[in-house]
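So the protein lines, in turn, are chains A and B.
Each residue of the first sequence is one higher than the last, beginning at 2 in the working numbering.
Each residue of the second sequence is one higher than the last, beginning at 2 in the working numbering.
Beta carbons are placed, not taken as given, at the ideal position from N, Cα and C, and that holds for glycine.
Worksheet for the structure shown next.
2 protein chains.
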Amino acid sequence: MEDAVILLSGGMDSGVLLAWACSRFRTVEGLYFEYGSRHQEKECAMARRLAQHYEISLTKISLPFVSDLFASSLLKTGPEVPEGPYADDNMSSTVVPFRNGIMLSIAVGFAENNGIEHVLIASHSGDHPIYPDCRPSFTTAMSEAAAKGTAGRVCVAAPFNSMSKKEIAEIGRKLSFDFSMTWSCYKGLTLHCGRCATCLERKSALGHDMGLDPTEYMQ
Amino acid sequence: MEDAVILLSGGMDSGVLLAWACSRFRTVEGLYFEYGSRHQEKECAMARRLAQHYEISLTKISLPFVSDLFASSLLKTGPEVPEGPYADDNMSSTVVPFRNGIMLSIAVGFAENNGIEHVLIASHSGDHPIYPDCRPSFTTAMSEAAAKGTAGRVCVAAPFNSMSKKEIAEIGRKLSFDFSMTWSCYKGLTLHCGRCATCLERKSALGHDMGLDPTEYMQ
Numbered sequence: 002m003e004d005a006v007i008l009l010s011g012g013m014d015s016g017v018l019l020a021w022a023c024s025r026f027r028t029v030e031g032l033y034f035e036y037g038s039r040h041q042e043k044e045c046a047m048a049r050r051l052a053q054h055y056e057i058s059l060t061k062i063s064l065p066f067v068s069d070l071f072a073s074s075l076l077k078t079g080p081e082v083p084e085g086p087y088a089d090d091n092m093s094s095t096v097v098p099f100r101n102g103i104m105l106s107i108a109v110g111f112a113e114n115n116g117i118e119h120v121l122i123a124s125h126s127g128d129h130p131i132y133p134d135c136r137p138s139f140t141t142a143m144s145e146a147a148a149k150g151t152a153g154r155v156c157v158a159a160p161f162n163s164m165s166k167k168e169i170a171e172i173g174r175k176l177s178f179d180f181s182m183t184w185s186c187y188k189g190l191t192l193h194c195g196r197c198a199t200c201l202e203r204k205s206a207l208g209h210d211m212g213l214d215p216t217e218y219m220q
Numbered sequence: 002m003e004d005a006v007i008l009l010s011g012g013m014d015s016g017v018l019l020a021w022a023c024s025r026f027r028t029v030e031g032l033y034f035e036y037g038s039r040h041q042e043k044e045c046a047m048a049r050r051l052a053q054h055y056e057i058s059l060t061k062i063s064l065p066f067v068s069d070l071f072a073s074s075l076l077k078t079g080p081e082v083p084e085g086p087y088a089d090d091n092m093s094s095t096v097v098p099f100r101n102g103i104m105l106s107i108a109v110g111f112a113e114n115n116g117i118e119h120v121l122i123a124s125h126s127g128d129h130p131i132y133p134d135c136r137p138s139f140t141t142a143m144s145e146a147a148a149k150g151t152a153g154r155v156c157v158a159a160p161f162n163s164m165s166k167k168e169i170a171e172i173g174r175k176l177s178f179d180f181s182m183t184w185s186c187y188k189g190l191t192l193h194c195g196r197c198a199t200c201l202e203r204k205s206a207l208g209h210d211m212g213l214d215p216t217e218y219m220q
């Protein structure tokens, strides 16, 4: 069996990925990236809770240059996150340029430094239209770059890349994953707002209408 | 004409790349990465001097996690840099895992954020045996990842990748490049030590034996 490091954001997708990876790899480590997102305190607390629950080591990596240099409504330094459903024209302001490329590259360096063979990211098909660095063609190219740049010692994979968020939720349920240990809302308030694009997406994936969603929402 | 951002380390290769790029692109910007290398104060001072001379904007990006998490003799936190010639067995301790992958990814995000089409790096053939993330196969894969992850808005290129350091020196001379504005030595003392692997490489590339090298060495 080999080892893996996963990008653990504290969201439901990477939470389920952690549960999934723990059953498949000898050891799993988590990396949490602090890049100035509005919801980072919430996210980081959830990532810590997940790491504790699954008894894995979690390393926090700060990237102060992201909010200093990049513009995005996802960042504390950016404009407001729009409300309403996830769609190209609505959510394009939440793009943080090449975010996954940056986080994956750092994770590849971390993996190579620690003799870990696999870097895992929880990209899924719902993210493809808006975020180019969530698409399978990007992950494939990035995996090739990781292999070439580490002389074959590290590879990158996105096991959920062809799945919808609903399918990830199903995998989580099969693994008895506790979704209340995760955070989605872009607003970073005390509770999930229940109205922003990512809350609406979470409600839909977790079957909120059918009473299957354990999340407490403001509305 | 299009715009470019270059990884400017303050070394002779990226210095010549800057001179070369200034004649080919509408605007050129520089990025200097501070990742805890032994010689970073010297390097950064040289990068600033180059930026001033070529009248370009220079942005310094700090990556504190590199020396916190990665082991390398290139870092202040690592073991001594070995002396003697550049060779696999001698210089492998100077590898910073996936360093170029990390710096290029951040540069790609910076370029996308600022509407810059090209990211340039000064990798050359002399680095290939020791550093996998300097090889053409890596740069090609990284360029593909950049294109996919930015929906075709940014590409990565290493114009000197098939050249030797000596050939880069020749290009520099043709462009009237002042090599005394650059720093190579891994030791980070007041003057170039003249004995470490990168000093020996610099002497050879600049024709030290033939009196063509303007560098002042300790020995």
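Using a C-beta cut-off of 8 Å, the region 154-165 of chain B makes contact with the region 120-134 of chain B, since at least three inter-stretch Cβ pairs fall below that distance. Residue nearest to Glu56(A) within the set Pro80(A), Leu19(A), Thr78(A) is Leu19(A) (criterion: CA-CA distance).
Taking the Cα positions, Cys200(A) is about 10 Å away from Thr216(A).
Looking at Glu84(B), Ile7(B), Met2(B), Ser38(B), the one whose alpha-carbon comes closest to that of Trp184(B) is Ser38(B). For Ala112(A), the uninterrupted alpha helix (DSSP H) segment begins and ends at 100-114. Taking a C-beta distance under 8 Å as the contact criterion, Ala5(A) and His119(A) qualify as a contact pair.
Per DSSP, the continuous alpha helix (DSSP H) segment holding Cys23(B) begins and ends at 13-23.
The region 64-80 of chain B makes no contact with the region 200-213 of chain A, as fewer than three CB pairs between them are under 8 Å. Between Leu9(A) and Tyr33(A) a beta carbon distance of about 6 Å is seen, short of the 8 Å cut, so the two are scored as contacting.
Excluding the 5 residues flanking it on each side, Pro98(B) has same chain C-beta neighbours closer than 8 Å at Phe71, Ser73, in chain order. Using a Cβ-Cβ cut-off of 8 Å, Glu118(B) does not count as an interface residue toward chain A, since no Cβ of chain A sits closer than that to its own. Taken in chain order, the members of the region 104-135 of chain B whose beta-carbon sits within less than 7 Å of a beta-carbon on chain A are Ser106, Ile107, Val109, Gly110, Phe111, Glu113, Asn114, Pro133, Asp134. Taking 8 Å as the cut-off, the Cβ atoms of Asp134(B) and Arg100(B) count as close. In the structure shown, Val157(A) adopts extended strand secondary structure according to DSSP, grouped into three states. Ranked by how close their Cα comes to the Cα of Phe178(A), the residues Gly12(A), Met2(A), Gly11(A), Val17(A) have Val17(A) in first place. Residue contact with chain A for Gly37(B): absent (no Cβ-Cβ distance below 8 Å to any residue of chain A). The beta carbon of Ala148(A) is closer than 6 Å to those of Cys156 in its chain, skipping five residues each way along the sequence. Residue burial annotation: Lys175(B) is exposed, with fewer than 16 other C-beta atoms found within 10 angstroms of its C-beta. Per DSSP, the unbroken alpha helix (DSSP H) holding Gly173(A) starts and ends at 166-175. Non-local beta-carbon contacts of Lys43(A) in its own chain, meaning distances under 6 Å to residues more than five positions away in sequence, involve Trp184, Gly189 in chain order. At a C-beta separation below 8 Å, Leu59(B) has no neighbours in chain A, since its nearest C-beta there lies roughly 13 Å away.
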